[in-house]
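J.:
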Amino acid sequence: MAFAVSGALTAMNKKMDPFGVLIIAFVTSVGGGTLRDVLIGRTPVGWMLNINYVYVILIGFALAMVFRKKLDRFRKSMFLFDTIGLGVFTLIGLEKGLEKGLEPSVCIILGTVTACFGGVIRDILCNEIPVIFRKEIYATICIIGGLFFFFLKSLEIPEDVLYLMTSMIIIAIRLMAVTFKWSLPTVDKN
Amino acid sequence: MAFAVSGALTAMNKKMDPFGVLIIAFVTSVGGGTLRDVLIGRTPVGWMLNINYVYVILIGFALAMVFRKKLDRFRKSMFLFDTIGLGVFTLIGLEKGLEKGLEPSVCIILGTVTACFGGVIRDILCNEIPVIFRKEIYATICIIGGLFFFFLKSLEIPEDVLYLMTSMIIIAIRLMAVTFKWSLPTVDKN
Amino acid sequence: MAFAVSGALTAMNKKMDPFGVLIIAFVTSVGGGTLRDVLIGRTPVGWMLNINYVYVILIGFALAMVFRKKLDRFRKSMFLFDTIGLGVFTLIGLEKGLEKGLEPSVCIILGTVTACFGGVIRDILCNEIPVIFRKEIYATICIIGGLFFFFLKSLEIPEDVLYLMTSMIIIAIRLMAVTFKWSLPTVDKN
């Protein structure tokens, strides 16, 4: 839902009509998981089989529309939800890759795709260079989380602890990254 | 074919070469159905199994190239074909969703994707914010048509009548929308 | 690998961060083949099942990062690799289409998608109108190569010779096209 609200807000800044806002909210929320499912051949894709996704996004969209003038006040709690989403989505992506018997490096890519590519598709639809390619270390955190996951896994830690610790790590790094304003330098050709 | 011509015209306004024009014409025509097929796992996607699609698009492309200076005269008949296309494509999308046993709300999304996302992909390839997110109520009509379809279906109307009435409704709303210049207001954050 | 380096260079010109550069390098290399696999339903897509792709791209990315100031010197050898890649990718695409029992015209489209759409996705992510729609005859060469392939095939030439000759033709036309600066004229509406 946090992803739906963030998508809706981006779309509003582009002066789209309510339908455009709804689509962008939808794509931001499920785009990453949809792309992952298409790439690994889990079709019909996830949200089609679980109608609750559609309802949660509609509620997120409605909230964003109604409270659009007051959302600045909730910036902090939204950021928290967004960060939890980052951890959970990365883990879901890793898990689906493992289910299909794919290599660890591919699973890490799938975790990153699940967590980050909703935002990439949102930025493409809004005609911008995706923000995670330019200044946010969002995706880098997913990759670090993924590497950590397989490191812990090789230690034969029980699965519950494994999942909990990985999501904790992702959330912790993200909070630190924002607090201390970490970012990767841009690469210049000269 | 109407979709192929409209795609070709957009591409020509962007000063693309003939190959670019052809690709844009192709994507505008089959992009929505292709995305739908990929999402529900009907692969190889539809147009690959029915070679006639490829030929119809090639003819539409050739017509647009030859008559490009005179197409303004046919604007009205093209608009009519485009509107019929809207109705037919929405119904095809709904039907494919039902075939896969998906929920009504997901079927409505699939109908909308089939009818509208060819244009969305066209606009992305032409580096523009998709027009249906900004001012056209195109997609809203598909959603209304889809809701109407399931409302009629719940009345246990025979299938032929159901399909005919839904496409009539979609075509009628579209004609009214254009005649009376209906559009959704843009959503402003402040 | 040549495709990975070319993707990395484009991304660097857009002042992306290293993660963005890596993604663009990745997408430029495997995007065409991934789109092809998704369209014909060969999932999980190719590079997920052969981990060497991931390593080769990582090496290409690392080389581009380290030698980014000196890559101009290698422009000629990079162009040669890129051209060989064009021939090989087109043939792989044709072959996967034939494996699925698709029509020749659809196979030619798949060959072109495999060879050219990595670059299209790269340009979309960098927020530009894809270069092959505007001035490069890249894709036209793939189509000519594909037509040639099916012409030779109809003569019942042995398969080895068939593949060798088709890739030779593609490479030869590409070299001539660049030497003599061939390009398609842009289509203007008036």
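Residue numbers (full-length UniProt numbering), protein chains in the order written: chain A, 1 to 190; chain B, 1 to 190; chain C, 1 to 190. The C-beta atom is built at its ideal place from N, Cα and C for all residues, glycine as well.
Could you check what DSSP says for C:L155 in three-state terms: helix, strand or coil?
T.: Taking the third sequence and counting its residues from 1, one reaches residue 155 of chain C at position 155. DSSP places C:L155 in coil when its eight states are reduced to three.
J.: My parser needs the alpha helix (DSSP H) runs of 4 or more residues fully inside the UniProt domain "Glycine transporter" (80 to 153) of chain C; what are they?
T.: Complete alpha helix (DSSP H) runs here, min 4: 104 to 125.
J.: Within 7 Å (strictly less), CB to CB, does C:A139 reach chain B?
T.: As a first step, residue 139 of chain C is located in the third sequence; it is residue number 139 there, counting from the start. Answer yes: the Cβ-Cβ gap between C:A139 and chain B drops below 7 Å somewhere.
J.: I want to verify the contact list: residues of chain B whose CB lies under 8 Å from the CB of C:P44, in sequence order.
T.: Indexing the third sequence from 1 puts residue 44 of chain C at position 44. Within 8 Å Cβ-Cβ: nothing; C:P44 doesn't reach chain B, min ~13 Å.
J.: When burial is assigned at 16 or more other CB atoms within 10 Å of the CB, is C:L175 buried or exposed?
T.: Taking the third sequence and counting its residues from 1, the one referred to as residue 175 of chain C is at position 175. Result: exposed.
J.: Would you say A:I23 reaches chain C, if we count a Cβ-Cβ gap shorter than 7 Å as a contact?
T.: Residue 23 of chain A sits at position 23 when you count from the first residue of the first sequence. It does not; no Cβ of chain C falls within 7 Å.
J.: Under the three-state reduction of DSSP, which class applies to C:I173: helix, strand or coil?
T.: Sequence index remark: in the third sequence, residue 173 of chain C carries index 173 (1-based). The answer is helix: DSSP assigns C:I173 an H, G or I state.
J.: Would B:F67 pass as an interface residue toward chain D - the criterion being a Cβ-Cβ separation below 7 Å?
T.: This model lacks chain D altogether; the protein chains it does include are A, B and C.
J.: When DSSP labels each residue in this structure, what does C:I51 get in the three-state scheme?
T.: By one-based count along the third sequence, residue 51 of chain C stands at place 51. Three-state result, C:I51: coil.
J.: Any beta-carbon of chain C closer than 7 Å to the one on A:V131?
T.: Taking the first residue of the first sequence as position 1, residue 131 of chain A is located at position 131. Closer than 7 Å: no.
J.: With distance defined between alpha-carbon atoms, name the residue in C:F149, C:L110, C:D160 nearest to C:G31.
T.: Locating residue 31 of chain C in the third sequence gives position 31, counting from the first residue. If we check each option's Cα against that of C:G31, C:L110 comes out closest.
J.: With a cut-off of 7 Å, does the C-beta of B:L175 fall near any C-beta of chain A?
T.: On the second sequence, position 175 is the one that residue 175 of chain B refers to. So no, B:L175 is outside the interface.
J.: Could you tell me which of A:V38, A:S6, A:R36, A:I92 sits nearest to A:I24, measuring between CA atoms?
T.: By 1-based counting over the first sequence, the position of residue 24 of chain A is 24. The shortest C-alpha separation from A:I24 is found at A:S6.
J.: So is B:F79 in contact with chain C if we call contact Cβ pairs under 7 Å?
T.: Residue numbering aside, residue 79 of chain B sits at position 79 when the second sequence is read from its first letter. Chain C, which has no Cβ nearer than 7 Å to the Cβ of B:F79, makes this no.
J.: Straight-line CA distance for A:F180 to A:T166?
T.: Translated into positions along the first sequence, residue 180 of chain A becomes position 180. Translated into positions along the first sequence, residue 166 of chain A becomes position 166. For A:F180 and A:T166, the distance between alpha carbons rounds to 21 Å.
J.: Going along chain C in order, which residues have a C-beta closer than 9 Å to the C-beta of A:R134?
T.: Taking the first sequence and counting its residues from 1, the one referred to as residue 134 of chain A is at position 134. Ordered by position in chain C, the residues that pass the 9 Å Cβ test against A:R134 are K14, K15, M16, D17, G20.
J.: Run through DSSP, which three-state label would B:R68 get?
T.: By 1-based counting over the second sequence, the position of residue 68 of chain B is 68. Coil, per DSSP.
J.: Please list the terminal residues of the continuous alpha helix (DSSP H) segment that includes A:P18.
T.: Start at 1 with the first residue of the first sequence, and residue 18 of chain A comes out as number 18. Segment 18 to 40, the alpha helix (DSSP H) holding A:P18.
J.: Please list the partners that A:I59 has in chain B, where partner means a Cβ-to-Cβ separation under 8 Å.
T.: For this step, residue 59 of chain A is matched to residue 59 along the first sequence. The contacting residues do not exist; A:I59 stays about 13 Å from chain B at best.
J.: Indicate the three-state DSSP secondary structure (helix, strand or coil) for C:F61 in the structure shown.
T.: Counting from one through the third sequence, the residue named residue 61 of chain C turns up at place 61. In this structure, C:F61 counts as helix in the three-state DSSP scheme.
J.: Whose Cβ in chain B lies nearer than 8 Å to the Cβ of A:L125?
T.: Numbered from 1 along the first sequence, position 125 holds the residue referred to as residue 125 of chain A. Neighbours of A:L125 on chain B, chain order: V120, I124, I129, P130, F133.
J.: Under 7 Å between the Cβ atoms of B:I170 and A:P44?
T.: As a first step, residue 170 of chain B must be located in the second sequence, where it is residue number 170. As a first step, residue 44 of chain A must be located in the first sequence, where it is residue number 44. No, Cβ-Cβ distance for B:I170 and A:P44 is not below 7 Å.
J.: Could you compute how far the alpha carbon of A:S105 sits from the alpha carbon of B:D160?
T.: On the first sequence, residue 105 of chain A is found 105 positions in, with the first residue counted as 1. On the second sequence, residue 160 of chain B is found 160 positions in, with the first residue counted as 1. Looking at the two C-alpha atoms, the distance is approximately 52 Å.
J.: Looking only at its chain, what residues have a beta carbon closer than 6 Å to the beta carbon of C:A139, apart from the 5 residues adjacent to it on each side?
T.: Residue 139 of chain C sits at position 139 when you count from the first residue of the third sequence. These residues qualify, in order along the chain: T112, C116, I132.
J.: Does B:V5 get closer than 7 Å to chain C when you measure Cβ to Cβ?
T.: As a working note, residue 5 of chain B is residue 5 in the second sequence. Not an interface residue.
J.: Report the rounded CA-to-CA distance for B:L102 versus B:A64, giving the unit in angstroms.
T.: To locate residue 102 of chain B, count along the second sequence from 1; it is residue 102. To locate residue 64 of chain B, count along the second sequence from 1; it is residue 64. Answer to the nearest angstrom: the Cα atoms are 38 Å apart.
J.: Return the CA-CA distance between residue 207 of chain A and A:F19, expressed in angstroms with no decimal places.
T.: Residue coverage of chain A in this structure runs from 1 to 190, which leaves residue 207 of chain A outside it and unanswerable.
J.: Leaving out the 5 sequence neighbours to the left and right, which residues in its chain are closer than 8 Å to B:I124 when beta-carbon positions are compared?
T.: Position 124 of the second sequence, counted from the start, is the residue given in the question as residue 124 of chain B. Correct list, in chain order: P130.
J.: Apply the 10 Å Cβ neighbour rule to C:I59 and answer buried if 16 or more other Cβ atoms are within range, or exposed otherwise.
T.: Numbered from 1 along the third sequence, position 59 holds the residue referred to as residue 59 of chain C. Counting Cβ neighbours within 10 Å, C:I59 comes out exposed, since fewer than 16 surround it.
J.: What does B:E103 reach in chain A if we use C-beta pairs closer than 7 Å?
T.: Residue 103 of chain B sits at position 103 when you count from the first residue of the second sequence. Within 7 Å Cβ-Cβ: I51.
J.: Please state whether DSSP places C:V5 in a helix, a strand or coil.
T.: The residue labelled residue 5 of chain C in the question sits at position 5 within the third sequence. The answer is helix: DSSP assigns C:V5 an H, G or I state.
J.: Is A:S29 buried or exposed, if buried means 16 or more other CB atoms sit within 10 Å of its CB?
T.: Along the first sequence, one-based indexing puts residue 29 of chain A at 29. Buried is the call here.
J.: Check whether chain C comes within 7 Å of A:G41, counting only Cβ atoms and requiring the distance to be less than that.
T.: Residue numbering aside, residue 41 of chain A sits at position 41 when the first sequence is read from its first letter. Cβ-Cβ to chain C under 7 Å: yes for A:G41.
J.: Using a threshold of 7 Å, state whether the C-beta atoms of A:G118 and A:R36 are closer than that.
T.: What you label residue 118 of chain A is simply residue 118 of the first sequence in a count that begins at 1. What you label residue 36 of chain A is simply residue 36 of the first sequence in a count that begins at 1. Cβ distance not < 7 Å, so A:G118 and A:R36 don't count as in contact.
J.: In whole angstroms, give me the CA-to-CA distance for C:L91 and C:I137.
T.: Numbered from 1 along the third sequence, position 91 holds the residue referred to as residue 91 of chain C. Numbered from 1 along the third sequence, position 137 holds the residue referred to as residue 137 of chain C. Cα-Cα distance, rounded: 18 Å.
J.: Quick one: residues in its chain with C-beta nearer than 8 Å to the C-beta of B:I173, no 5 flanking neighbours on either side, listed in chain order?
T.: Residue numbering aside, residue 173 of chain B sits at position 173 when the second sequence is read from its first letter. Correct list, in chain order: I141, I144, G145.
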